[in-house]
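Participant:
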Amino acid sequence: MRNTGPVTGREYVLEDGMTLVSTTDLKSRITYCNPAFIQASGYAREELLGQPHNMIRHPDMPPEAFRDLWATLEEGLPWSGMVKNRRKNGDHYWVQANVTPVSEDGRTVGYMSVRVKPARELVEQAEALYARMREQPQRYALHHGAVHKRTLVGRLRTRLQFGLGGRVATLSLASTLASTGLAASGVHWTLALGAALGLGGGTALWLRRMAVAPLRDAVATANRLAAGQLGGAPTQGGDDDVSRLMRALAQLDVNLQAIVGDVRREVDGIRIASREISAGNGDLGARTEMQAGSLQQTVSSVEQIAGTLRHSAEHAEAARGLAQQASEAARQGGQSMQEMVQRMGEIREASLRIGEIIQVIDSISFQTNILALNAAVEAARAGEAGRGFAVVAGEVRALAQKTSGAAREIKTLIGAATERVEAGNALAESTGRTVRQSAQAVERVFDLIANMSRAAQEQADGVAQVNRAVTQLDSVTQQNAAMVEQLSAAAYSLARQAEIVADSVRIFRTGHHDDIAPAQLQGLDRPTAASTAPSTDTA
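Quick note on UniProt numbering: the sequence shown kicks off at 1 and runs consecutively.
1) In or out: S172 buried (at least 16 other Cβ within 10 Å) or exposed?
2) Bridge partners for Y32 per DSSP, in chain order?
3) If the criterion is Cβ atoms closer than 9 Å, does the pair A36 and V21 meet it?
4) Can V99 and A539 be called in contact, C-beta distance under 9 Å?
5) What's the gap between the Cα of G110 and the Cα of V123?
6) Which residue wins for smallest C-alpha separation from L256, given the options I277, A222, T418 and E47?
7) Using a Cβ distance threshold of 8 Å, determine whether the segment 118 to 135 contacts the segment 52 to 63, with at least three qualifying pairs required.
8) Between the segment 356 to 365 and the segment 408 to 419, are three or more C-beta pairs nearer than 8 Å?
9) For V147 and D503, what's the separation of their Cα atoms in angstroms?
10) Within 8 Å, do at least three Cβ pairs link the segment 314 to 323 to the segment 368 to 381?
11) Alpha carbons only, please: which of H143, Y12 and K149 is nearest the one belonging to P137?
12) Please classify Q229: is it buried, with 16 or more other beta-carbons within 10 angstroms of its beta-carbon, or exposed?
13) Whose C-beta lies closer than 6 Å to the C-beta of A313 among residues of the same chain, with five residues either side of it excluded?
14) Since N480 and T288 are thought to touch, with beta carbons under 8 Å apart, how far apart are those beta carbons, to the nearest angstrom?
15) At 3 residues or longer, what runs of the beta strand (DSSP E) sit wholly inside the segment 326 to 364?
16) Exposed or buried, what is S300 when buried is set at 16 or more other beta-carbons lying within 10 Å of its beta-carbon?
17) If we count the other Cβ atoms within 10 Å of its Cβ and call it buried at 16 or more, is A428 buried or exposed?
18) Bridge partners for H148 per DSSP, in chain order?
19) Which word fits M55, buried or exposed, when buried means at least 16 other C-beta atoms lie within 10 angstroms of its C-beta?
20) Please state the DSSP three-state secondary structure of K88.
21) Since G462 contacts Q338 with CB under 8 Å, what's their CB separation in whole angstroms?
22) Reducing DSSP to helix, strand and coil, say where E15 ends up.
23) Given that a residue counts as buried once 16 or more other Cβ atoms are within 10 Å of its Cβ, and exposed if not, what is K84?
24) To the nearest angstrom, how far is it from the Cα of A379 to the Cα of V396?
25) Using the Cβ count rule (16 or more neighbours within 10 Å means buried), how would you classify I500?
26) One question on the structure: do H144 and L225 come within less than 9 Å of each other, judged by their Cβ atoms?
27) Excluding the five sequence neighbours on either side, which residues of its own chain have a C-beta within less than 7 Å of the C-beta of E422, listed in chain order?
28) Taking only three categories from DSSP, how would you classify H513?
29) Restricting to Cα atoms, I'd like to know which of R67, R87, N374 and V13 is closest to Y140.
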């Protein structure tokens, strides 16, 4: 017996209404298992497919149960019995297993096992029985799922369990023997026995043809339906119970074919829809990834532009500060030049005033000179008495002449100074106008730089808003990509569920061309069946 690992002794109780279904090939490798079977086993679907079915065998199961199972299946008959299976973690669960051969074109191609939750009293009885069978394997045996003791009485009881045909023949013979009245007649007993055997045999043949054969056909049809072999159910035209039973089985066959056909067509539709959804999600995902990449590049470019604009705004702000300083310096220079022009005007006015005073001095000197001449004339007339006065008059005249010469020189100097002052004044006024114009130009440059600074700041703010919008768009794109992945996962799950349904329906074979092909779910890794020896467990 294969060692499947340690056991814990803990029981995993199946849920009410839970049905565990699996199919195996002729080597007892698992070819299909429904979600309930997967849940009960504790394994993943990929861990089960292609593996020997005895991977869930529990060591408490007596080998006699599986010997009887295979002996019954080799006869082409279904087998039913209590089975204790092992879960992946070592726990166990009990099932009422129903195993039947799966036929195709008249030959067995695999086996199907349907398990349900047994009643608690059946579990307790099976637990006790299997414990006795493990302790005394030579004492108990199974035949078609029924237990009997390995005694002479038990063997005879098993051998004497006639089928329906044997029972009909026995009853016919007994009835015929009773009707011949051997004890009351004088006919030789050998002739009577021959007549009884002939009459009983004919009666048995007639009953076999009229009742046993149709019932066997009904049993065969029921077995085919149980094995999922749909189509070809015979019909009876009579109105007896057997004919009505056959018509009911034929109707059940037709109904199952219709249901299976509808399910298969719906599964095909789900497959197509899931493939289209998956393809659409794939295309949308690719486009979303491209958009996300473009947005990332856009974000990088916008960040670079934002950085450049920030630097430009900073430079513009610095230039605005320098222009403001230059404007202030130009304004102060203009004020200084204005003051200088004003001072030059004052100097010019002072020079003009000095010139006027010089003219007065020159006039006084001229008058003094005339008075000195007059005094000299009078002194000459006075003779010796006016000699001293004549000397004074001469000195005064000389002083007046010197004063007049000095006044003329001063006038000349004042005139030259006045001309220079006027030229300087004109130059100062021109320089003042130039400085004022420069100050005005600097003010305009300051205004332009201030406008440029504000524009750069506004552009930086606008780019920041664009950057935030692009970042939000990138976040939305990332969310869309995540949603696409979720949709892809949902489509994949839908397709996988469709494949599970397809696997479930594939158990039923109608012989039509609309049978669902084996699951070919793109991206679904299906484990390859390992090359192992044939298992002896399919329950």
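Glycine included, C-beta positions come from ideal geometry on N, C-alpha and C.
Predicted, not measured: the structure shown is a model, and the values here were computed from it.
Facilitator: Let me spell this out:
1) Reliability of the predicted coordinates at S172 is poor, the pLDDT of 47 falling under 50, and the value obtained from them is presented with this limitation in mind. Counting Cβ neighbours within 10 Å, S172 comes out buried, since at least 16 surround it.
2) The bridge partners DSSP lists for Y32 are T23.
3) Against a cut-off of 9 Å, the Cβ pair of V21 and A36 comes out as a contact.
4) Result yes, Cβ atoms of V99 and A539 sit closer than 9 Å.
5) Roughly 28 Å separates the two Cα atoms.
6) Comparing Cα positions, the closest option is A222.
7) Yes, they touch.
8) Because the criterion of three Cβ pairs below 8 Å is met, the segment 356 to 365 and the segment 408 to 419 touch.
9) Between the C-alpha atoms of V147 and D503 there is a straight-line separation of about 34 Å.
10) With the cut-off at 8 Å, the segment 368 to 381 and the segment 314 to 323 do not touch.
11) P137 has its Cα closest to that of K149, out of H143, Y12 and K149.
12) Answer is buried; the Cβ neighbour count reaches 16.
13) Around A313, the same chain offers A456, Q457 and A460 as residues with beta carbons nearer than 6 Å, after the five sequence neighbours per side are excluded.
14) That belief holds up - the Cβ atoms of N480 and T288 are roughly 5 Å apart, short of 8 Å.
15) Correct list: empty.
16) Burial call: exposed.
17) It is buried - the Cβ of A428 has at least 16 other Cβ atoms within 10 Å.
18) As computed with DSSP, H148 is found in a beta bridge with A141.
19) It counts as buried.
20) In the structure shown, K88 adopts coil according to DSSP, grouped into three states.
21) At roughly 44 Å, the Cβ-Cβ gap does not stay under 8 Å, so G462 and Q338 are not in contact.
22) E15 falls in the coil class under three-state DSSP.
23) It is buried - the Cβ of K84 has at least 16 other Cβ atoms within 10 Å.
24) Cα-Cα distance, rounded: 13 Å.
25) Burial call: buried.
26) In this structure, L225 does not lie closer than 9 Å to H144 by Cβ.
27) R348.
28) Residue placement at H513 cannot be trusted, given a pLDDT of 45 that sits under 50; the coordinates are not used to answer.
29) Cα-wise, what sits closest to Y140 is R67.
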